[in-house]
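Worksheet for the structure shown next.
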Amino acid sequence: MDAARYAALFLSESREHLTEVDDALLALERDAAHANAAATGAHIATVFRGVHTIKGMAAAMSYAAVEQLSHALESRCEPLRSAEEALSGDVLALLFDGTDLLRAAVDAVPRGHTELTSAMRAVVQRLGSAPVVDDAGANVRAITDAPVVISDVPSGAVGIARRVDVRLTADCPLKGVRAMIVLAKLSALGTLRGTEPAQERWQDDLFDGAFRLTLQSSASDDELTAAAQSAGDVARVAVTLATPTPTQGSAGVTDAPRTVRLDARRLDTLLDLVGELVITRDRLLRAIEQSDRPDRAVVRAAADAARLVATLQDEVLQARMLPVAQVFDRFPRLVRDIARDLGKDVRFTMEGREIELDRSLLDAIGDPIMHLLRNALDHGFEDADTRRAAGKPASGELILRAARDRATVVIQVQDDGRGIDRDVVLRRAHEQGLVQEQITTLADDALLQLVAHPGFSTAKSVTSISGRGVGVDVVNTRVRALGGQIDLETITGEGTVFTMRLPLTLAIMRALLVQVGGDTYAIPAAHVMEVLEFHGASRSTGALTITVRDETVPLVALQQRFEDDPLTPAAANPDGVRHVAIVEVAGRRTALLVDALLAQQDIVVKPLDAVRGARPWFSGATVLGDGSPALIVDVSSVA
Amino acid sequence: MSRTVLICDDAIFMRTMVGDILTQAGFEIIGEAETGVQAVERYQQLRPDLVTMDIVMPDMGGIDAVREITKLDPGARILMCSAMGQQALVVEAIQAGAKDFVVKPFQPSRVLEAVNRVLAA
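Here the protein sequences come in this chain order: A and B.
If you read the first sequence in my numbering, its first letter stands for residue 655, the second for the next number, and so on.
If you read the second sequence in my numbering, its first letter stands for residue 38, the second for the next number, and so on.
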């Protein structure tokens, strides 16, 4: 067997289960107050199921430490699960400890450590189970416990077997539950033969709302379609004749996996290739435009190819989308631990875990979100007495929210803490000379600029949790490097909301290509309002401006801007007519002076390393059709 | 004649909000309940066309209330009102006999879509 592949699968699946177990333990802790027996039972079942699955995998891989810890946890859960024993705080704490060490044991596997450490052995003992005997039985059990999915076909089933493929709308909440309603509607018309993925997986985070039912029914295709659609939030239904099923009893009629695990680098490669294809398409179309007598057949074929490339691009981008849950789900545990270290009582909720983002963005947003959560916990929330004195609930409310807004994803971190104290920020800003003395009020965006200023901090003491000053500036830099923006709303005494607005994908954007000092740069087309010939600037109160239809717009000469940056080589001044691109950022217009306009086209974005301070004017780079590189201008920093 | 609705939720805020959405759409709110036990009692008295049911309520939770009401009236039309993160509970409620669900925070259009689906079935 391919050991490396299994080892990788073991790691990724174990970590998924550990996250579920963590969530369930947190839920148990949360629900302990209002002891809802049904919910408690469900959470214990989740813990049990998670550690049980991990045990089965570890046994198969001969990872002794993981196996023994998960076995001990499973055994400890058994009496709780069968409700022989009520869950006490001590036992819950023990389960938390055990899960921590189980995670450590899983994390130690890639380093070649698979034996119990003394700390692990101690917890196994406290969990009160005899170490599992290394016999062959454990593996067998794990396999025979696999859920049985296929339902037997009752002898009385009538009608024709049909396959019903359903896709739920992208914004459908609780897709797994909606799928159950579809299933109920269809089951009323016939006999269910199976589902794909298995019903057990519908409540998984990764269930994306696409599923297939096999149904024996005498209803017409149209009746089946209508029934499925009546369940609501159904985007698409397709009914087809089911292919002849294997003889009854042979498993797996419809239980073949719909998803495959795929090395993420393949998706990156595919995306790169699609990007090159997009560029090549543009070159081809341009070549045809420029030819004197284009061949009609060539034009038609090129148009078809262009359309196919666009579809392919959509599909590849779609394949890279993942729910933010993949990043969000580690936060409840982290927040709980930090809040406990700080001795703060905070209720943490997450919304919109199912919202999808491109993989590359997903990888990059974890740290910024963590920074903001840490900041809120450390600085945002008052202690319980102060809160009570202010007439607020003693426990703080921290919300992490994701939502889709047209072509962007909005992520918010909201707390109901003390809010950012404008007076303190202003005083500190005056001290550090960041703000002129006569300025005495701060709007939210000015406030954000200050707290995001590198090194700016109002924290009285440095803590291990949010450090000194580096926080909001790191977040701001990161989010901007991702082509996003960040906003701040804060009300003294009521709380603070940080809003990150991110593009759905980093990969491809429309850009205006311009020439500045002999080099080619890309300006994201989303920011460009219009392009004008440059007929000289005027100077008002020290700054250069131009007049666009009676409106005075500040002018930024890109060449001078870039030359301030030692990384950009100076170039000779060109002659001929120059142009300005009018860009708009956060409602403010700026004219960017460039030497020449080259083209408007799709570019494939290669992110620059988001190192703080380096190359402040650029958000990324791209490779042009002729193979030469171009930097992408970060409009919000140059304007 | 307008369709009648029984709203079950322990929070006045939520009852008011659901009530407003439905009243504006021409439904008649004939009763409210704050606990599962009340929900079952009121259902028996009022026999509404539709019940909106919160999941977590004191006394008797929404899911048990669904079970009890469905026992009284297998044709009862119950719409669950759930919060994000209650997926497992919504599953249970649907298995117990609820016909559909909406997720808080409520968008009026989504609530009305769900209500109309439940009433059309």
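Idealized CB from N, CA, C, for every residue including glycine.
Apart from the five residues on each side of it in sequence, which residues of its chain come closer than 6 Å, Cβ to Cβ, to residue i?
i, result
"T1206 of chain A", "T1199"
"R890 of chain A", "R821"
"R730 of chain A", "L781"
"E1143 of chain A", "D1098, V1151"
"T41 of chain B", "E65, I67, P85, D86"
"R1076 of chain A", "L1096"
"V836 of chain A", "V820, A882, A885"
Assuming contact is defined by CB atoms lying nearer than 8 Å, are residue i and residue j in contact in what I supplied?
i, j, result
"L1030 of chain A", "D1069 of chain A", "Residue identity check: residue 1030 of chain A is Ala in the sequence provided, not Leu. Yes; because the gap between Cβ atoms is below 8 Å, this pair is in contact."
"A102 of chain B", "V77 of chain B", "yes"
"T1062 of chain A", "P986 of chain A", "no"
"L925 of chain A", "R974 of chain A", "yes"
"L770 of chain A", "A718 of chain A", "yes"
"V1067 of chain A", "I1023 of chain A", "yes"
"V1259 of chain A", "I1286 of chain A", "yes"
"T700 of chain A", "V675 of chain A", "yes"
"L971 of chain A", "A956 of chain A", "no"
"L116 of chain B", "M90 of chain B", "yes"
"R672 of chain A", "R757 of chain A", "The displayed chain sequence assigns Leu, not Arg, to residue 672 of chain A. Yes, Cβ-Cβ distance for L672 of chain A and R757 of chain A is below 8 Å."
"V1079 of chain A", "L1054 of chain A", "no"
"A1245 of chain A", "V1234 of chain A", "yes"
"G1071 of chain A", "G1050 of chain A", "yes"
"A133 of chain B", "R104 of chain B", "yes"
"G830 of chain A", "Q124 of chain B", "yes"
"R847 of chain A", "L869 of chain A", "yes"
"I1257 of chain A", "A1191 of chain A", "no"
"V1289 of chain A", "L1212 of chain A", "no"
Go ahead and label residue i buried or exposed: buried means 16 or more other beta carbons lie within 10 angstroms of its beta carbon, across all protein chains shown.
i, result
"P948 of chain A", "exposed"
"Q967 of chain A", "buried"
"R816 of chain A", "buried"
"D995 of chain A", "exposed"
"Q1090 of chain A", "exposed"
"M1183 of chain A", "exposed"
"R1203 of chain A", "exposed"
"H1025 of chain A", "buried"
"P1178 of chain A", "buried"
"E129 of chain B", "buried"
"H706 of chain A", "buried"
"P1220 of chain A", "With a pLDDT of 43 at P1220 of chain A, under the threshold of 50, the predicted position of this residue should be treated as unreliable, though the coordinate-derived value follows. Classification of P1220 of chain A: exposed, given that the 10 Å Cβ count is below 16."
"V928 of chain A", "buried"
"G766 of chain A", "exposed"
"F1035 of chain A", "buried"
"A1018 of chain A", "buried"
"A759 of chain A", "buried"
"P977 of chain A", "buried"
"A773 of chain A", "exposed"
Report the CB separation of residue i from residue j in whole angstroms; it is logged as a contact under 8 Å.
i, j, result
"F143 of chain B", "V55 of chain B", "7 Å"
"V1210 of chain A", "R1232 of chain A", "Actually they are not in contact, since the Cβ atoms of V1210 of chain A and R1232 of chain A sit about 13 Å apart, beyond 8 Å."
"G752 of chain A", "V777 of chain A", "5 Å"
"P95 of chain B", "T72 of chain B", "5 Å"
"A873 of chain A", "W856 of chain A", "The Cβ separation is near 23 Å, so there is no contact."
"V1128 of chain A", "I1140 of chain A", "Not really, about 11 Å apart at Cβ, beyond 8 Å."
"G58 of chain B", "V148 of chain B", "The sequence given here has Ile at residue 58 of chain B, not Gly. Rounded, the Cβ-Cβ distance is 5 Å, consistent with contact."
"L1011 of chain A", "L1027 of chain A", "That pair is no contact at about 18 Å."
"E738 of chain A", "M711 of chain A", "So it is not a contact: roughly 27 Å between Cβ atoms."
Apart from the five residues on each side of it in sequence, which residues of its chain come closer than 8 Å, Cβ to Cβ, to residue i?
i, result
"L895 of chain A", "I814, A815, R816, R817"
"R866 of chain A", "R817, V818, D819, V820, T849, E850, T908, R912"
"H697 of chain A", "A678, L679, A681, L682, D685"
"D1254 of chain A", "Per the sequence shown, residue 1254 of chain A should be read as Gln rather than Asp. Closer than 8 Å at Cβ, skipping near neighbours: R1164, A1165, L1166, L1167, A1179."
Kindly list the residues whose CB is nearer than 7 Å to the CB of residue i, restricted to its own chain and excluding five residues on each side of it in sequence; keep chain order.
i, result
"L1252 of chain A", "L1167, V1168, Q1169, T1174"
"A1197 of chain A", "P1208"
"F702 of chain A", "E728, C731, R735"
"A158 of chain B", "K136"
"R1215 of chain A", "W1271, V1292"
Any heavy atom of the ligand SAM closer than 7 Å to the Cβ of residue i?
i, result
"F50 of chain B", "With respect to the ligand SAM, the structure shown offers nothing to examine, as it has no ligands at all."
Review point. Which residues, in order along the stretch 120 to 137 of chain B, keep a beta-carbon less than 9 Å from a beta-carbon of chain A?
Key: From the stretch 120 to 137 of chain B, only A120, M121, G122, Q123, Q124, A125, L126, V127, V128, E129, A130, I131, Q132, K136, D137 have a Cβ closer than 9 Å to chain A.
**Study point:** Selection of the stretch 815 to 843 of chain A by Cβ proximity to chain B, strictly under 7 Å
**Key:** From the stretch 815 to 843 of chain A, only P827, L828, G830, V831, M834, I835 have a Cβ closer than 7 Å to chain B.
Check your understanding: Name the residues in the stretch 75 to 101 of chain B whose C-beta lies less than 9 Å from a C-beta of chain A; which are they?
Key -> Hits within the stretch, in order: V93, P95, G98, I100, D101.
Check your understanding: Closer than 8 Å, Cβ to any Cβ of chain B: which residues of the stretch 870 to 900 of chain A, in chain order?
Key -> Taking 8 Å as the Cβ-Cβ cut-off against chain B, the residues of the stretch 870 to 900 of chain A that qualify are S884, A885, G886.
Review point. Any residues in the stretch 137 to 154 of chain B with a beta carbon nearer than 7 Å to a beta carbon of chain A? Which ones, in chain order?
Key: Look at the stretch 137 to 154 of chain B: the residues with a C-beta under 7 Å from a C-beta of chain A are D137, F138, V140, E150, A151, R154.
Point to revise | Short-range partners of chain B found in the stretch 1043 to 1070 of chain A, where Cβ spacing is below 9 Å | key: Look at the stretch 1043 to 1070 of chain A: it has no residue with a C-beta under 9 Å from a C-beta of chain B.
Check your understanding: At a Cβ cut of 8 Å, what residues of the stretch 691 to 703 of chain A count as close to chain B, listed as they run along the chain?
Key -> Going along the stretch 691 to 703 of chain A in chain order, one finds A692, A693, A696 with a Cβ nearer than 8 Å to chain B.
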